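Residue numbers (the numbering used here): 27 to 217. Note that CB positions come from ideal geometry on N, CA and C, so glycine has one too. Predicted model only: the values in this text are computed from it and were never measured. Read the structure below first, then the notes.
Okay, here's the thing in structure tokens:
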């Protein structure tokens with residue numbers, strides 16, 4: 027989504043690749059599959075993380091976007107955060123990746139983060155690759171099933187559902203996990 031919005035989502039970690047595969051293979055109503063690379067930035071002293079702020083650049087399906095999340099909260103695997111997302115043109119992003127331009131130099135980040143990034147420039151912390159499967163649930167919501175490859179080649183598996191009503195979605199997901207023998211845990215932190 028472009029612009030400013032309030033992100034609200036349930037997040038569950040899946041224990042193993044077999045749990046991920048079992049869920050992927052049994053879910054009906056596949057809408058699409060996307061491939062993303064997410065790059066995360068912070069200052070050398072981690073000023074943003076200390077203030078629960080995240081800066082990410084995402085490459086997905088030929089598009090590049092810059093995302094800033096802040097004021098994040100989590101309770102019982104339900105995450106909320108203020109999210110600002112804007113398109114980033116590929117030539118500018120390529121300059122940032124080559125180290126020819128500091129991400130901190132972008133006016134959007136100066137406007138939103140001000141003094142936090144004036145004292146220390148943003149630096150690339152690392153990136154992750156995500157294969158995301160989108161399934162439409164009969165309950166009227168979309169289940170996003172992620173296979174995430176970390177920089178050390180380790181994989182993690184996650185289920186996300188964007189929802190305003192976690193109390194109605196949670197029982198449906200947990201029932202599905204139980205019926206299929208899928209091992210899961212509530213997510214307590216974001217990437």
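Contact check, residue i vs residue j, beta carbons under 8 Å
i: residue 37; j: residue 106; result: no
i: residue 206; j: residue 49; result: yes
i: residue 59; j: residue 157; result: yes
i: residue 13; j: residue 150; result: As shown, the chain starts at 27 and ends at 217. That puts residue 13 outside it, with no answer to give.
i: residue 129; j: residue 112; result: no
i: residue 138; j: residue 110; result: yes
i: residue 125; j: residue 65; result: no
i: residue 200; j: residue 165; result: no
i: residue 167; j: residue 195; result: yes
Buried or exposed by the 16-neighbour rule on C-beta atoms within 10 Å, applied to residue i
i: residue 183; result: buried
i: residue 43; result: exposed
i: residue 115; result: exposed
i: residue 69; result: buried
i: residue 45; result: buried
i: residue 104; result: buried
i: residue 61; result: exposed
i: residue 117; result: exposed
i: residue 142; result: buried
Alpha helix (DSSP H) segment containing residue i, residue limits
i: residue 197; result: 192-206
i: residue 76; result: 73-76
i: residue 87; result: From DSSP, residue 87 is part of no alpha helix (DSSP H); its letter is neither H nor E.
Rounded distance between the beta-carbons of residue j and residue i, thought under 8 Å
i: residue 73; j: residue 146; result: 6 Å
i: residue 56; j: residue 159; result: 7 Å
i: residue 32; j: residue 108; result: 6 Å
Unbroken beta strand (DSSP E) run spanning residue i, endpoints
i: residue 39; result: 29-40
i: residue 58; result: 56-68
i: residue 126; result: Looking at the DSSP string, residue 126 is not in any beta strand (DSSP E), and its letter there is neither H nor E.
i: residue 158; result: 149-162
i: residue 172; result: 168-175
Are the segment 172-189 and the segment 86-100 in contact at 8 Å, needing three or more beta carbon pairs? no
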